[in-house]
Every structure is written in C-alpha cells, then in structure tokens.
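Report on one structure; see the data block that follows.
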Amino acid sequence: MATFSKDYFSRTISLFMKNLNDYVAVYQAQLQEGDILIAYKELVSFVMKLRTDLKRNPSFDYSVTGILHGYLDYTYFYFSNDFLKSKKLKFGLVLNHLEMRFELWLLGNTAEIQKKYWTFLKETKWNKNRVEMPKYSVLEVVLIETPNFNNLLLLQKSLEIELNKNLLEISTFLYKKTNF
Numbered sequence: 340m341a342t343f344s345k346d347y348f349s350r351t352i353s354l355f356m357k358n359l360n361d362y363v364a365v366y367q368a369q370l371q372e373g374d375i376l377i378a379y380k381e382l383v384s385f386v387m388k389l390r391t392d393l394k395r396n397p398s399f400d401y402s403v404t405g406i407l408h409g410y411l412d413y414t415y416f417y418f419s420n421d422f423l424k425s426k427k428l429k430f431g432l433v434l435n436h437l438e439m440r441f442e443l444w445l446l447g448n449t450a451e452i453q454k455k456y457w458t459f460l461k462e463t464k465w466n467k468n469r470v471e472m473p474k475y476s477v478l479e480v481v482l483i484e485t486p487n488f489n490n491l492l493l494l495q496k497s498l499e500i501e502l503n504k505n506l507l508e509i510s511t512f513l514y515k516k517t518n519f
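Going left to right, the sequence shown walks through residues 340 to 519 as the numbering used here numbers them.
Listed below in structure tokens is the structure:
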C-alpha cells in the first residue's frame, strides 16, 4: 500500500483549490513562448558538459553519477570516492534553478546518516547560519552566487576552481574530524 506524506496532501489540496487546469494553461503558454524551453535545455546542457569534463579529468578523484533532474527546481549529479563511501556520504553539484546559482551539497546515503552528519556539522562554518538541517543535504555551499551564462567557458573555469577549493576543505575536515 502506498504511503503519502502530509506535504504531498497539502500540495494536492492546495493544487485543486486553485484548479490544475489553470496552472497547466499557464505552463503551456510559457512553454509555447519558447524562452523557458531554450533556457532549460541550455542550462541542463551546461551541467552535462561540466559533469563530462569533470569525469574525464584525471585529477578529479571521484566517481560521478549521471545527471538528475528535479521538478524544474534542481539539476544535479552526485560524486563520491572511497573515503566518502566508507562514511556513507556523497557530494552533489547542484544547479539551483529557483535561486539560479551553483551549489555543492554533502549528502548522507540514508536519513539516519543525514541526521548523524547534520549533528556533527551543524556548528561548523558551513552551517553557522542554519537553525535546521537543509531539506536534502547536511551541508550546502554556494559556489557561484550569480553565474554569468554569457561566458560559459569562464563560468566553467570559475565553477571548477570553487568546487575544487571547497571539496578539498570539506574533505580534509571530514578526514581529520570523523572517527565514526
């Protein structure tokens, strides 16, 4: 038997109070204008290229998964190495469509692992302004706050620099501080 969360029911009730056909008509009209289709395709293509280039880079010492798509909210891929796998962790490189920025997430493989690492990391500089655990991760770092998509080569280089800097810092911290 399927189980549904309270969040699912509240979204569903809210949705039908406003009339789904109205939402679909607006969605269809926006798609027919074409701008959203072009932007989304180009954004996903950029993340796909970034993923491919990182995967092919011999100095990027992580195994990389395929591209995942949210509900027009996130485009992302996960990557991990033996150390992270031993801790049941993985990183995610995320294009946050709602904020239109690039983020690095640290995630646990299960809800239990997420809670364990949230408790461990909530007092660190990465989570200093958070009062509760992020929805999908235990740590989120903004890599590029306002990406300039008019120069994709420069954007990719800047993103790789920020990514590698943060990966080194977070991984070093985890390596030195985790003994569980």
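Cβ coordinates follow ideal geometry from the N, Cα and C atoms, glycine included.
{"query": "Does Val403 come out as helix, strand or coil in the three-state DSSP assignment?", "result": "strand"}
{"query": "Among residues of its own chain, excluding the 5 on either side of Glu479, which ones have a beta-carbon nearer than 7 angstroms to its beta-carbon?", "result": "Glu442, Trp444 and Pro473"}
{"query": "Using a 10 Å radius around the Cβ and a threshold of 16 neighbouring Cβ atoms, would you call Tyr362 buried or exposed?", "result": "exposed"}
{"query": "With three or more beta-carbon pairs closer than 8 angstroms as the criterion, would you say the stretch 487-503 touches the stretch 411-423?", "result": "no"}
{"query": "Once the 5 residues before and after Val403 are set aside, which same chain residues still bring their CB inside 7 angstroms of it?", "result": "Arg390, Leu393, Lys394, Phe416 and Phe418"}
{"query": "Judging by CA-CA distance, which residue of Val383, Leu407, Arg469 and Phe422 is the nearest neighbour of Tyr318?", "result": "In the structure as shown, the chain begins at 340 and stops at 519. Residue 318 is therefore absent and cannot be evaluated."}
{"query": "What are the partner residues of Arg440, as DSSP defines its beta bridges?", "result": "Asn435"}
{"query": "In the DSSP assignment, find the beta strand (DSSP E) that holds Thr414 and state where it starts and stops.", "result": "Tyr413 to Ser419"}
{"query": "With DSSP collapsed to three states, give me the class of Val481.", "result": "strand"}
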